[in-house]
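Residue numbers (the UniProt record's numbering): 1 to 658.
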């Protein structure tokens, strides 16, 4: 390590510069860091001691990009390319970069796609409409006439990379042909997922910006002169660059990124290539990130958080832009942005960040757009999905959606529980929770005689292990799903008369335990943090005057229903529906008695818990809904301790959530 003091050109004589040269850095170049004594600042750079100049390349190095693509083709195969689009949408068009015009897509051709921010443009010619499409299809038209810089540079990039065809929504979709436009928007997932490469304009706020380093040199960085050397600032990481970009804030670009198997990002700092296996970058940077930003492994809660954070010119496009991602990740097993395998966590969504402190704004519904209140898409703003990964929920009640299939009237949502070993603590405690709740009547199916016993926790575990092959099988039998063989069985739960009202888009059907509340009253306790979210303890007064402790998410929207006496409201009812059950650790102080409400004891008086004073309690996750004219609308979610829930004598009822 060498430490040297010097003066930076342009600074006053009292600005002392500290220079550290780290010759042990893993790169061939020397890493320098600088700091001012008067004002903290880090401007560092990489200094090539052989040339005594800064490495800086103003234009894209196409040979490097071609090598990245060739390596990906050779080493990754089908994992990074889904092959040609064999079933394209109606009137699927592409730009022919050799002929300079828009053409009908040749069968099974290789093409690139462009992901960019539209913004505004002065080039009104470059828009496919019924009146301009013939001109756009004239050979050479795109070479002879002005087109937005980003599209022009994308054509140049395809020529350099030897990709003949390019798909750009503005030129390849006839914008005023509603039938064609809807067809292509619905096929957007297929279009991007079968693209050979997606080009991303990460810098532009309009389509006139251009791709940095293609036809125009990248924005130059400041060069600092010190001690006879030329130095420039270390670039931000690509993650930081993308985080700050306008492209990252737009809703449609998220789907384009998630569905693309390979992307080439253009920034003023350089280019980044990302495929499903790795990433490469060619730029001036301290560290090369290998973290993939858009992968199929992205969790559902992160997908919702990301899409809800982004903005749409037309707010009602949110589910349309999300549906491609849902189909790509979950096939057909999803409904209004909720995959069936994430049903419990997906129903327990909450506003996030600033949205958590503001009254939520309902998303406007355009023609043909529906946003049911139970779906996260029903409100504007960023959303968090609490996955409860450390609590291992089990489903309470039978849930489903209206079905148009001939062999079923309702598509039942089956339990999709995290697989745990029965030898794991969370595994056997979760099974015991099902048995205890089942014994207390919290499930629709009558309790099997083998579980209607008073015994030890060890014996309970042995009974559960011998009677059911897995936790899901236990959950399914408790719900009665194991006995549903056809439409007739389903109609014993959801009758045909009930289904007549329920058969509407966005309806979610529930057969579960519920309480009808007269009032939910605010107490004098401050909100407390639970699993990273603020919850408020309130008092639920049922129509039978039972009092139940309830924890609800602390949110301004609750002012609309808290302390309202629903017994005086003859049109609206307030219902509390059981959704799922989870277990939590209960920590108590050394001087506190273990004989606390919420704990569970076996026939020998042993508390359900671990050694060391850590016991288990069970909580019922509930949906609070307002019901009017037989249709229920979500208000919020909450939690009730299982003993309290049982004591309130909930009853099984059918609900239609819209």
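From the three backbone atoms N, C-alpha and C, an ideal C-beta is built for every residue, glycine too.
So, helix, strand or coil for residue i, using DSSP?
{"i": "residue 327", "result": "helix"}
{"i": "residue 665", "result": "In the structure as shown, the chain begins at 1 and stops at 658. Residue 665 is therefore absent and cannot be evaluated."}
{"i": "residue 599", "result": "coil"}
{"i": "residue 628", "result": "strand"}
{"i": "residue 660", "result": "Nothing can be reported for residue 660, as the shown portion of the chain is limited to 1 through 658."}
{"i": "residue 645", "result": "helix"}
{"i": "residue 70", "result": "helix"}
{"i": "residue 334", "result": "strand"}
{"i": "residue 506", "result": "coil"}
{"i": "residue 100", "result": "coil"}
{"i": "residue 640", "result": "strand"}
{"i": "residue 568", "result": "helix"}
{"i": "residue 76", "result": "helix"}
{"i": "residue 133", "result": "helix"}
{"i": "residue 115", "result": "strand"}
{"i": "residue 522", "result": "strand"}
{"i": "residue 241", "result": "helix"}
{"i": "residue 253", "result": "helix"}
{"i": "residue 85", "result": "coil"}
{"i": "residue 474", "result": "helix"}
{"i": "residue 127", "result": "coil"}
{"i": "residue 348", "result": "coil"}
{"i": "residue 420", "result": "coil"}
Might you give, ordered along the chain, the residues of its own chain that have their beta carbon closer than 8 Å to the beta carbon of residue i, omitting 5 neighbours on each side?
{"i": "residue 383", "result": "304, 305, 308, 349, 350, 351, 352, 355, 376"}
{"i": "residue 569", "result": "none"}
{"i": "residue 439", "result": "447, 451, 452"}
{"i": "residue 594", "result": "Low confidence applies to residue 594: its pLDDT is 43, below 50, so where it sits in the model is not reliable, and the reading given next is rough at best. Closer than 8 Å at Cβ, skipping near neighbours: 588, 607, 613, 615."}
{"i": "residue 50", "result": "With a pLDDT of only 41 at residue 50, under 50, the local geometry of the prediction cannot be trusted, and the value read off the model is given with reservation. For residue 50, where only same-chain residues beyond five positions count, there are no Cβ hits under 8 Å."}
{"i": "residue 562", "result": "520, 521, 522, 538"}
{"i": "residue 641", "result": "549, 597, 598, 617, 618, 619, 620"}
{"i": "residue 26", "result": "Because the pLDDT of residue 26 is 44, which lies under 50, any placement of that residue in the model is unreliable, and the question is left without a value."}
{"i": "residue 161", "result": "62, 65, 66, 69, 112, 197"}
For residue i, I'd like the list of residues in its chain whose CB is within less than 7 Å of its CB, leaving aside the five on either flank, ordered along the chain.
{"i": "residue 428", "result": "422, 461"}
{"i": "residue 130", "result": "174, 176, 177"}
{"i": "residue 268", "result": "203, 212, 218, 219"}
{"i": "residue 498", "result": "654"}
{"i": "residue 59", "result": "213, 217"}
{"i": "residue 501", "result": "630, 656"}
{"i": "residue 72", "result": "80, 262, 275"}
{"i": "residue 571", "result": "628"}
{"i": "residue 554", "result": "527, 534, 535, 536"}
{"i": "residue 250", "result": "117, 310, 311"}
Under the DSSP definition of a beta bridge, which residues are partnered with residue i?
{"i": "residue 516", "result": "575"}
{"i": "residue 585", "result": "616"}
{"i": "residue 262", "result": "275"}
{"i": "residue 528", "result": "535"}
{"i": "residue 609", "result": "615"}
{"i": "residue 634", "result": "625"}
{"i": "residue 488", "result": "BP columns for residue 488 are empty, so no partner."}
{"i": "residue 511", "result": "398, 654"}
{"i": "residue 280", "result": "273"}
{"i": "residue 110", "result": "For residue 110, which the question treats as bridged, DSSP gives no partner whatsoever."}
{"i": "residue 551", "result": "537, 639"}
{"i": "residue 493", "result": "For residue 493, which the question treats as bridged, DSSP gives no partner whatsoever."}
{"i": "residue 339", "result": "334"}
{"i": "residue 580", "result": "395, 621"}
{"i": "residue 94", "result": "103"}
Can you list, in chain order, the residues of its chain with a C-beta nearer than 6 Å to that of residue i? Leave out the 5 residues immediately preceding and following it.
{"i": "residue 468", "result": "474"}
{"i": "residue 255", "result": "321, 324, 325"}
{"i": "residue 115", "result": "198, 200, 253, 256"}
{"i": "residue 337", "result": "319, 322, 375, 377"}
{"i": "residue 551", "result": "535, 537, 638, 639"}
task: Could I get the ranges of all uninterrupted alpha helix (DSSP H) runs contained in the region 142-219, with 4 residues as the minimum, in chain order?
output: 149-160, 169-172, 178-186, 188-193
- request: Report yes or no: do three or more beta-carbon pairs, one from the region 261-276 and one from the region 179-191, lie closer than 8 Å?
  value: no
- prompt: At what residue ranges does the region 422-471 contain a whole run of the beta strand (DSSP E), taking only runs of 3 or more?
  reply: none
- request: Would you list, in sequence order, the uninterrupted beta strand (DSSP E) runs of no fewer than 3 residues that lie entirely inside the region 362-417?
  value: 383-385, 398-402, 410-413
query: Does the pairing of the region 488-499 with the region 535-553 give three or more beta-carbon distances under 8 Å?
result: no
message: Pairs of beta-carbons, one from the region 392-411 and one from the region 481-491, closer than 8 Å: are there three or more?
response: yes
- request: Would you be able to state if there are at least three C-beta pairs under 8 Å between the region 159-175 and the region 94-101?
  value: yes
task: Count the C-beta pairs between the region 135-152 and the region 70-82 that are closer than 8 Å, then say yes if the count reaches three, no if not.
output: no
- prompt: Considering only residues of the region 300-326, which uninterrupted beta strand (DSSP E) runs meet the minimum length of 3 residues and lie entirely inside it, listed in chain order?
  reply: none
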